[in-house]
Structure formats: structure tokens, C-alpha cells
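Novice: Read top to bottom, the protein sequences are chains A and B. Residue numbers are given in my numbering: position 64 of the first sequence equals residue 64, and the series is strictly consecutive. Offset between the second sequence (1-based) and my numbering: plus 1000. Could you have a look at this structure, given as C-alpha cells, before my questions?
Number of protein chains: 2
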Amino acid sequence: MQRPVSFYDTTNLYPDSSIGYLVRVCNQLGMAQLDRVFADEGLTAVQWSALISIHFGRGPTCAALARDLAHDKGAMTRMIDTLEQKGLVRRLRDDDDRRVIQLSLTPAGEAAAMRCRERVIACWNEWLTGWSHDEITTFIAQLQRLRTTLESAAPCAA
Amino acid sequence: MQRPVSFYDTTNLYPDSSIGYLVRVCNQLGMAQLDRVFADEGLTAVQWSALISIHFGRGPTCAALARDLAHDKGAMTRMIDTLEQKGLVRRLRDDDDRRVIQLSLTPAGEAAAMRCRERVIACWNEWLTGWSHDEITTFIAQLQRLRTTLESAAPCAA
DNA sequence: CGATATTGACTGCCGATGCAATCATTGCCA
DNA sequence: TGGCAATGATTGCATCGGCAGTCAATATCG
Chain A
1 MQRPVSFYDT TNLYPDSSIG YLVRVCNQLG MAQLDRVFAD EGLTAVQWSA LISIHFGRGP
61 TCAALARDLA HDKGAMTRMI DTLEQKGLVR RLRDDDDRRV IQLSLTPAGE AAAMRCRERV
121 IACWNEWLTG WSHDEITTFI AQLQRLRTTL ESAAPCAA
Chain B
1001 MQRPVSFYDT TNLYPDSSIG YLVRVCNQLG MAQLDRVFAD EGLTAVQWSA LISIHFGRGP
1061 TCAALARDLA HDKGAMTRMI DTLEQKGLVR RLRDDDDRRV IQLSLTPAGE AAAMRCRERV
1121 IACWNEWLTG WSHDEITTFI AQLQRLRTTL ESAAPCAA
């Protein structure tokens, strides 16, 4: 069995060809754009993604939410604090496992999350103008594949 | 001429299919991994990317560097401060345009950037195990395309 | 030529983030 | 059962990042 060929070497890893660099820049630019879009809702892009994650049942608890968004656990506690103060998120102690605090959206939180969602949809459709359906689904699949790898990756040996 | 079909609507924008969510999570996970890799060099992943950007002539000045990395200009000044104190970066006032301060790497900065680069190459080759050459180049091209769009995008109307 | 706009570097300020430690609760296993 | 590891939530601490404003130098245009 042959060892797979390595893609990167010292001759071809430069910013424009670096997945890490490109992913970071795309993230920075996209988040900055969305922060401005959400400004009049009093939300940041990260806060909105937390609301959405709760909405879709990916973040039933604070720890799960932090894992889902690859966000710091401590910082997540404080983010939930502010979202709770805004009246968008509810905390409810779990009776079965008393370590856990269940998170859920208030009606106001649901409404805000859905309002923002429509604007995010509009933004992305604008940004993806000219992309074919196949290009987009391929791109999403590749991002998912990368996420899965990074999630399960042991600390890199290098 | 027909208006292109929109990809996203309220039935298919959820975290696992959202480019924004996936890009963010990949960035968070990748940067966290690289932060640990660079820890013994006393560098963070963001600092390293600044060094590389200077190395490749993409960040000849503080402002250009901030644009290249989609990083805050003020924060960049302070990052250069610390990299200068570490003896990795040099500042040199430009004589032609006296607003500008030219950035360059010291020999120590070059060496550190290249050492880290090799480790980054190793990490990415590990993370991309199983990807075909074509899949990787396609992925990179799509990320570049997205970056270009986001860079030139006016504030989203939505 | 002169006023205004633009650009680059820098700074103060505030909020957010990551890390480490703590405490409570639960799971696991000898 | 009893002790120990694991998990969840929280907090303190240091740092970082984004925003807005300032100052200096340059470009633009009437």
C-alpha cells in the first residue's frame, strides 16, 4: 500500500494557495459584513450563530453550544448571560442531570433569529451570485469534510 | 437574460449547510491547532501569518498587512509592536512617502517564519490525507473566489 | 496656490476571547 | 460502597480585537 502524496511543500505554500489563510480571511470578511447587517438588531454574528445553533437543537447546553461553534466554554457562559439579559435565551436547570442547564430560545429569541436568518440568506445568495448549484454543494461538502477532520484531529504532531 | 437562481432559502440554511458556519468552525479549529503548534516558538497563528505575509511582500506596510489579513488596523500596529520587540520584524520609515513605515523581517524573523511554515505544511498534509490533488485545487480555487467576492462586496443590502 | 479629502500610523477604550482553576454533579470501576 | 475520573457551569485574569478619533503627510481639485 502506497503512502498518499502530500499536497503542500515549501514550493507551493504561500498565502494565496493556503487553505488556512483563505479560510481565515473569508471568515473575517464574512463576519464583519454580518456584524454590520445585524447591528440594528443589537446582535453580533457570533451571537446570532449561537441563537441558530440553539434553535436547531445543536446547542441544548452551554458546553454543547461551545463545542458546536468551536467557541471557548467560558466565553460561551458569558455570551449566554448577555443573550439571557436581552430576553432572547432561557436557562432551565435539568432535573435528571443537575449539572446541566438546558438552553432554549424565548419567542423573542426565535423571532430575532429568524429575522436575521432571512438577511443572512439574502447576503449569501448575493455573494454566491454566478456560482452553479453544483459548485456550491461541492464547496459545502468539502468544508464539511475539513471540519470533520479538524474536529477529530489529535494535536498536530509537527 | 435570466436572473440566476438563489441557492439558499429558509428550507436549506441550517448550520451544516451554511458556508459561513462551516468557514468559521474550520477557522476556529485550525487556528487553535496551529496556536498549539507554535506555542514553543512563542508565536500565535495570527502572528505567524503576519510574518509570512511580510515575507511574501503582501504586507510591506502596516495598513497593507491589515488589509491582506482582514485584520484591524489598530490591532495590527500593536501586533507589529510585539513582533518588533521579539526581534522578528523591523520598521523603517519610507523616505519617499513619509507617512509610510516599511516592514521587513529580521534574519531571526525569516528563520522563525520558515521553521513554522514547515510545521504548517506538515499539519495541512496530515489534515488533507485522503484528498485528491484535484479536490484540493478545486477547494482552494473556490475559497479564492469567495474571498475576492467578500473583499469587493459592498455592505450587504439585506 | 490653497483648501479639502485621503491615506498611514498610532492610541484610548470597551467588549470579547482563551486559558486555567474551582465547584457541583454524575459516571465508572475496583 | 467508596474513591477517582469526567463533565458542566462558572469565574478571574490577561490578552486581543474592533471602533472611533487624532495627528502627520500626501493627493486631489477648484
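Quick reminder that beta carbons are idealized off the backbone N, C-alpha and C, glycines included.
Between the stretch 74–89 of chain A and the stretch 126–139 of chain A, do at least 3 Cβ pairs fall closer than 8 Å?
Specialist: Counting Cβ pairs under 8 Å, fewer than three are found: no touch.
Novice: Quick check: the stretch 1013–1022 of chain B against the stretch 1036–1047 of chain B, are there 3 or more CB pairs under 8 Å?
Specialist: Flag = no, the stretch 1013–1022 of chain B and the stretch 1036–1047 of chain B do not touch.
Novice: Taking 8 Å as the threshold (beta carbon to beta carbon), is ALA50(A) in contact with chain B?
Specialist: Within the first sequence, the letter at position 50 stands for residue 50(A). It does not: the Cβ of ALA50(A) has no partner Cβ on chain B nearer than 8 Å.
Novice: Determine which residues share a DSSP beta bridge with ILE101(A) and list them.
Specialist: The residue labelled residue 101(A) in the question sits at position 101 within the first sequence. ILE101(A) is bridged to ARG93(A).
Novice: Taking Cβ to Cβ, would you say ARG145(A) is nearer than 8 Å to VAL1025(B)?
Specialist: Stepping through the first sequence from its first residue, residue 145(A) is reached at position 145. Stepping through the second sequence from its first residue, residue 1025(B) is reached at position 25. No, the pair does not count as a contact, with Cβ atoms beyond the cut-off.
Novice: For VAL100(A) and THR61(A), which I take to be in contact (beta-carbon distance under 8 Å), what is that distance rounded to the nearest angstrom?
Specialist: By 1-based counting over the first sequence, the position of residue 100(A) is 100. By 1-based counting over the first sequence, the position of residue 61(A) is 61. The pair is a contact, with the Cβ atoms about 5 Å apart (cut-off 8 Å).
Novice: Of the choices CYS116(A), HIS133(A), TRP124(A), whose alpha-carbon is the least far from that of ASP40(A)?
Specialist: Here residue 40(A) refers to the residue found at position 40 of the first sequence. Nearest of CYS116(A), HIS133(A), TRP124(A) to ASP40(A), Cα basis: CYS116(A).
Novice: Between the C-alpha atoms of SER1018(B) and ILE140(A), what's the straight-line distance to the nearest angstrom?
Specialist: As a first step, residue 1018(B) is located in the second sequence; it is residue number 18 there, counting from the start. As a first step, residue 140(A) is located in the first sequence; it is residue number 140 there, counting from the start. One C-alpha to the other measures close to 7 Å.
Novice: State yes or no: is the C-beta of ARG1058(B) within less than 8 Å of the C-beta of ASP1072(B)?
Specialist: Taking the second sequence and counting its residues from 1, one reaches residue 1058(B) at position 58. Taking the second sequence and counting its residues from 1, one reaches residue 1072(B) at position 72. It is not a contact, given that the beta carbons lie outside the stated cut-off.
Novice: Around the Cβ of GLY1042(B), are there at least 16 other Cβ atoms within 10 angstroms (buried) or fewer (exposed)?
Specialist: Locating residue 1042(B) in the second sequence gives position 42, counting from the first residue. GLY1042(B) should be labelled exposed.
Novice: Nearest by alpha-carbon distance to ALA64(A): which of LEU103(A), MET31(A), ARG93(A) is it?
Specialist: Residue 64(A) sits at position 64 when you count from the first residue of the first sequence. Of the listed residues, the one whose Cα sits closest to ALA64(A) is LEU103(A).
Novice: Taking 7 Å as the limit between beta carbons, can you name the residues of its chain near LEU1105(B), skipping five residues before and five after?
Specialist: Counted from its first residue, the second sequence places residue 1105(B) at position 105. Same-chain partners within the cutoff: LEU1051, ILE1054, HIS1055, LEU1088, VAL1089, ALA1113.
Novice: Measuring CA to CA, which of ALA122(A), ARG36(A), ASP94(A), ARG78(A) is closest to PHE1007(B)?
Specialist: To locate residue 1007(B), count along the second sequence from 1; it is residue 7. Closest by alpha carbon: ALA122(A).
Novice: Indicate whether GLN1033(B) and ALA153(A) have their beta-carbon atoms separated by less than 8 Å.
Specialist: The sequence position of residue 1033(B) within the second sequence is 33, counting from 1. The sequence position of residue 153(A) within the first sequence is 153, counting from 1. Yes. Within cutoff.
Novice: Which of the three DSSP states is assigned to THR1148(B) in this structure?
Specialist: Here residue 1148(B) is taken as the residue at index 148 of the second sequence, counted from 1. Three-state DSSP puts THR1148(B) in a helix.
Novice: Under 7 Å Cβ-Cβ, which residues of chain B neighbour GLN47(A)?
Specialist: Within the first sequence, the letter at position 47 stands for residue 47(A). Simply none; closest approach about 13 Å.
Novice: For THR11(A), does the three-state DSSP call read helix, strand or coil?
Specialist: Translated into positions along the first sequence, residue 11(A) becomes position 11. If DSSP states are grouped into helix, strand and coil, THR11(A) belongs with coil.
Novice: Check the Cβ-Cβ distances between ALA1070(B) and every residue of chain A, and say whether any is below 8 Å.
Specialist: Translated into the one-based positions of the second sequence, residue 1070(B) becomes position 70. Answer yes: the Cβ-Cβ gap between ALA1070(B) and chain A drops below 8 Å somewhere.
Novice: Assign LEU150(A) to buried or exposed, taking buried as 16 or more other Cβ atoms, counted over all protein chains shown, within 10 Å of its Cβ.
Specialist: Numbered from its first residue, the first sequence carries residue 150(A) at position 150. Its Cβ being crowded by 16 or more others within 10 Å, LEU150(A) is buried.
Novice: Per DSSP, what are the beta-bridge partners of THR61(A) in this structure?
Specialist: Translated into positions along the first sequence, residue 61(A) becomes position 61. DSSP, once it has assigned bridges, lists GLN102(A) as partnering THR61(A).
Novice: Once DSSP output is grouped into helix, strand and coil, what is the label at PRO159(A)?
Specialist: Because chain A here runs from 1 to 158, residue 159(A) falls outside it and cannot be looked at.
Novice: Report the residue from GLU1118(B), THR1077(B), THR1137(B), ASP1097(B) whose alpha carbon sits nearest the alpha carbon of LEU22(A).
Specialist: Along the first sequence, one-based indexing puts residue 22(A) at 22. Looking at the Cα atoms, THR1137(B) is the closest of the given residues.
Novice: Against chain A, does GLY1030(B) count as a neighbour if the rule is that its beta carbon must be under 8 Å from one of theirs?
Specialist: Reading the second sequence from its first residue, position 30 is the one you call residue 1030(B). Cβ-Cβ to chain A under 8 Å: yes for GLY1030(B).
Novice: Name the chain B residues whose beta carbon is nearer than 7 Å to that of ILE136(A)?
Specialist: Translated into positions along the first sequence, residue 136(A) becomes position 136. Within chain B, the residues near ILE136(A) are PHE1007.
Novice: Is LEU1128(B) close to chain A? Criterion is C-beta to C-beta, closer than 8 Å.
Specialist: Along the second sequence, one-based indexing puts residue 1128(B) at 128. At least one chain A Cβ lies under 8 Å of LEU1128(B).
Novice: Measuring straight from C-alpha to C-alpha, what distance separates PRO1098(B) and LEU143(A)?
Specialist: Within the second sequence, numbered from 1, the residue matching residue 1098(B) stands at position 98. Within the first sequence, numbered from 1, the residue matching residue 143(A) stands at position 143. Looking at the sequence provided, one finds Arg at residue 1098(B) rather than Pro. The straight-line gap from Cα to Cα measures roughly 44 Å.
Novice: Tell me where the alpha helix (DSSP H) around GLY1074(B) begins and ends.
Specialist: Reading the second sequence from its first residue, position 74 is the one you call residue 1074(B). From DSSP, the alpha helix (DSSP H) with GLY1074(B) extends over 1073–1085.
Novice: My assumption, with CB atoms under 8 Å, is that GLY30(A) sits in contact with GLY1030(B). Please give the rounded CB distance.
Specialist: Translated into the one-based positions of the first sequence, residue 30(A) becomes position 30. Translated into the one-based positions of the second sequence, residue 1030(B) becomes position 30. Not confirmed; about 16 Å, so no contact.
Novice: Alpha carbons only, please: which of ARG36(A), ALA111(A), TRP124(A) is nearest the one belonging to ASP1009(B)?
Specialist: Numbered from its first residue, the second sequence carries residue 1009(B) at position 9. Of ARG36(A), ALA111(A), TRP124(A), the residue nearest in Cα terms is TRP124(A).
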